[in-house]
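A.B. asks: Read in order, the letters of the sequence shown are residues 31 to 585 in the numbering used here.
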Amino acid sequence: MRQPDSLTEDGVKQFRQQGYWQGRLFVDLIDSHATVAPDKIAIIEASTQTRLSYQQLRDQTKNLAASLVRLGIGKSDVVSIQAPNWPELVICHLALNRIGAVFLPLHHGFREADIKHLLEHTNAKAFIYPGTYKGFDYRVILENIKDQLPDLQKKVVMRENPLEGELSFEALASDSSWVEQFGDDFLEEHRPDSAESRHIMVSSGTTSKPKCAVYCDDATIFKIVQQYGKFACHLTSDDIAAAIAPAGTGATGYSFPVMAPLLFGGTSVLLEHWSSKTAKTALDLIETYRCTYAVMIPTQLIKLLNIENIEDYDLTCLRFITTAGAKLLPDTALEAERRFSCMIQNLYGTTDAGVATLTSVDDSPQQRLTEGRPPPGQELRIIDSDGRLVKSNEAGEICWRGPNQSYGFFNAPEENEKIWDDDGWYHSGDIGTLDDSGYLTIVGRKKDMIIRGGQNIHPGQIEEIMYRHRKVVEVAVIPVSHEVLGEIACAVILPTSLESPPSLNELNQSILDEGLPVWSQPERVLFVKDFPRNPGGKVDKRALICKLSSLDLSG
């Protein structure tokens, strides 16, 4: 696998000298917990009530690792797995971690085009998948694309009997014959360096084909343990996490609710599949397993808040709820803290480049309404269009760098050059402000900005205000072409009721009441039953704009 180059050798050396990178692999921490507390439950799959102890997790990952080596999988080989929130994701990750192979998880909602692109782009050598899941046949996809994947050598099926040409995941993870054949030290011969690229996180693909950001253990462990676990959340081995967001999407669904509790010796409880129609199952999970924290995207939190009898659930076990993956509006955060009787903890960052800021459970209520501040080790700055630093509370592009960052995109140097500068700063394309205490507030996206007759409109500002309207569930502000002005703003709204939606006049009055200029008002409004979304659940604005492009909204 070609090593991305956005992080230099000098940068790696500096992070190690500063103590941020400590030379540990994920399996080092897991094995330590398995030694100290072998019978403690590491993972619970709520839908089947399957429990996996730390000793079982260690043993199964060792068995799978040895099986893969005997099948010819070695250092830098990419192995992809596509699954819902199943323990197999963790078992696969840790097995690959032991032998230096590269972990490529895919969201279970990806279909043929994205699967083909990702397996082909990364030269994946093995693919692990369910035969069928919720009526979808993954074998049909593989049959359709197999001739376009010359590097794919091994197909491993989960939770079904293997067909011709397939291997059984369960059989590979239970085969301990390697110990007698090779000895306990066999896997140590294949141990990788913790600074090598070993984990590919796939971007959600809202603006283009999904991209592949590459991380090493040093960066990810520092992010999870030091920045999230200690600085922001004060995690301990007593914590029980509710994994609500899809684990195949990266940090929000995997790093924080799945790996974080495991690295601290706690427990992760997996919600197999999120659906807005079955949102109550998330509350059942938290109540039943007495989860101390939960991780979800804002859309999921909003769906839970819309459950009328939420007060009937005993959720006193919750210390905090982490939200990430999209902006959480302050009013929503306040309502969530009131109804859940716990803190809301925010994360801001990207799959591409890691975490920029976090709020802490030690922050004041007002500070928790921001995106937080840079954790130890991270540097953040706000720049204007000429690259100059802006003053406090002035808007500009958010840039950051630090020891939790990725190595860049896999096999895409031209993409790396677009968003990392020569000094290692990641240019996010997000617009934000820093207050005098260093807390970040997101204003909008640079690319989302609407230019109406030369005046700038930041959709994020408008959306935040409209979200507060009692008749609005969700809103996206998008540009519409205009013959005279170039662009005008259109508010696309999911109302509480399509029969009695809010009027454009009352929505715009709330914008004026907030002191925004007249030109910020959307001049068109559309009401929808739902939005197109990416696999992570975010509103896919690109798809929305394409979908509405056939409508004449200019007049």
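Yeah, the Cβ is synthetic: ideal placement off N, Cα and C, and Gly gets one too. This structure is a prediction, so every number in the text was calculated from the model and none was measured.
In angstroms, rounded to a whole number, what distance separates the CA positions of V548 and H63?
C.D. replies: 59 Å
A.B. asks: Under 6 Å: does the beta carbon of T322 sit that close to some heavy atom of the ligand FAD?
C.D. replies: Inclusion of the ligand FAD in the displayed structure is not the case, the ligand content being empty and no account of it being possible.
A.B. asks: Can you say whether P406 is buried or exposed, counting buried as having 16 or more other CB atoms within 10 angstroms of its CB?
C.D. replies: Answer is exposed; the Cβ neighbour count stays below 16.
A.B. asks: Apply the 10 Å Cβ neighbour rule to V66 and answer buried if 16 or more other Cβ atoms are within range, or exposed otherwise.
C.D. replies: exposed
A.B. asks: Let me know the beta strand (DSSP E) ranges lying completely inside the stretch 362 to 390, each 3 residues or longer, listed in chain order.
C.D. replies: Secondary structure in the stretch 362 to 390: the beta strand (DSSP E) runs of 3 residues or longer, each lying completely within the stretch, are 373 to 380 and 384 to 388 in chain order.
A.B. asks: Could you check how far apart the C-beta atoms of A96 and F216 are, in whole angstroms? I think they sit under 8 Å.
C.D. replies: 6 Å
A.B. asks: Helix or strand or just coil, what does DSSP make of P525?
C.D. replies: strand
A.B. asks: May I ask you to list the residues that DSSP assigns as paired with Y159?
C.D. replies: V187
A.B. asks: Per DSSP, V510 is paired with what?
C.D. replies: I518
A.B. asks: In terms of residue numbering, what span does the alpha helix (DSSP H) encompassing H63 cover?
C.D. replies: F56 to V66
A.B. asks: Just to confirm, are G490 and V473 a CB contact at a threshold of 7 Å?
C.D. replies: yes
A.B. asks: What does the Cβ neighbour count give for C520, buried or exposed, with the cut at 16 atoms within 10 Å?
C.D. replies: buried
A.B. asks: Among E317, G468, F157 and I449, which residue has its Cα nearest to the Cα of L119?
C.D. replies: Distances from the CA of L119 to each of E317, G468, F157 and I449 were compared; the closest alpha carbon is that of F157.
A.B. asks: Considering only residues of the same chain and omitting the five flanking positions on each side of T237, which have a CB-CB separation below 7 Å?
C.D. replies: Because T237 carries a pLDDT of 45, less than 50, the predicted location of this residue cannot be relied on, and the following value inherits that uncertainty. Short of 7 Å from the beta carbon of T237, and not among the five residues preceding or following it, lie these beta carbons of its own chain, in chain order: R572.
A.B. asks: Assign R498 to buried or exposed, taking buried as 16 or more other Cβ atoms, counted over all protein chains shown, within 10 Å of its Cβ.
C.D. replies: exposed
A.B. asks: With burial defined as no fewer than 16 other Cβ atoms inside 10 Å of the residue's Cβ, what is the status of G384: buried or exposed?
C.D. replies: buried
A.B. asks: Could you give the residue range of the beta strand (DSSP E) that holds Y323?
C.D. replies: Y323 to M326
A.B. asks: Along the beta strand (DSSP E) that carries Y456, what are the first and last residues, could you check?
C.D. replies: Y456 to L464
A.B. asks: Can you give, in chain order, each stretch of the alpha helix (DSSP H) that sits fully within the stretch 229 to 298 and has at least 4 residues?
C.D. replies: For the stretch 229 to 298, whole alpha helix (DSSP H) runs of length 4 or above, ordered along the chain, are 247 to 251 and 290 to 293.
A.B. asks: Mind checking N446: buried by the 16 CB within 10 Å criterion, or exposed?
C.D. replies: Counting C-beta atoms within 10 angstroms of its own C-beta, N446 has 16 or more neighbours from the protein chains shown and is therefore classed as buried.
A.B. asks: What are the start and end residues of the beta strand (DSSP E) that includes G426?
C.D. replies: Its beta strand (DSSP E) spans residues G426 to R431.
A.B. asks: So, with DSSP's three-state summary, where would you put D314?
C.D. replies: helix
A.B. asks: In the DSSP assignment, find the beta strand (DSSP E) that holds R221 and state where it starts and stops.
C.D. replies: For R221, there is no enclosing beta strand (DSSP E), as DSSP marks it with neither H nor E.
A.B. asks: In chain order, what residues of the same chain have a beta carbon less than 8 Å from the beta carbon of E317, not counting five sequence neighbours either side?
C.D. replies: Y343, D344, L345 and C347
A.B. asks: Using alpha carbons as the reference points, say which of F199, L334 and L359 lies closest to T308.
C.D. replies: L334
A.B. asks: Does the Cβ of S207 have 16 or more other Cβ atoms within 10 Å, making it buried, or fewer, making it exposed?
C.D. replies: exposed
A.B. asks: If we call anything under 7 Å between Cβ atoms a contact, is A354 one with L377?
C.D. replies: yes
A.B. asks: So what does D167 bridge to, in DSSP terms?
C.D. replies: Secondary-structure assignment with DSSP links D167 through a beta bridge to T162.
A.B. asks: Straight-line CA distance for V503 to A72?
C.D. replies: 36 Å
A.B. asks: Here's a check: name, in chain order, each residue in its chain whose Cβ is nearer than 6 Å to the Cβ of P562, leaving out the five neighbours to either side.
C.D. replies: D570, A573 and L574
A.B. asks: List the whole-angstrom C-beta distance separating H137 from P565, where the pair is believed to meet the contact cut-off of C-beta under 8 Å.
C.D. replies: 4 Å
A.B. asks: Does DSSP put F212 in a helix, a strand or coil?
C.D. replies: helix
A.B. asks: Specify, as a first and last residue, the run of the alpha helix (DSSP H) that S97 falls within.
C.D. replies: Y84 to R100
A.B. asks: State the CB to CB distance for the pair T297 and I74, rounded to an integer number of angstroms; the pair is presumed to be in contact (CB under 8 Å).
C.D. replies: 7 Å
A.B. asks: Use the C-beta contact count for C576: other C-beta atoms within 10 angstroms, 16 or more gives buried, fewer gives exposed.
C.D. replies: exposed
A.B. asks: Report, in whole angstroms, the separation of the C-beta atoms of R403 and Y456, which I expect to be a contact under 8 Å.
C.D. replies: Rounded, the Cβ-Cβ distance is 17 Å, inconsistent with contact.
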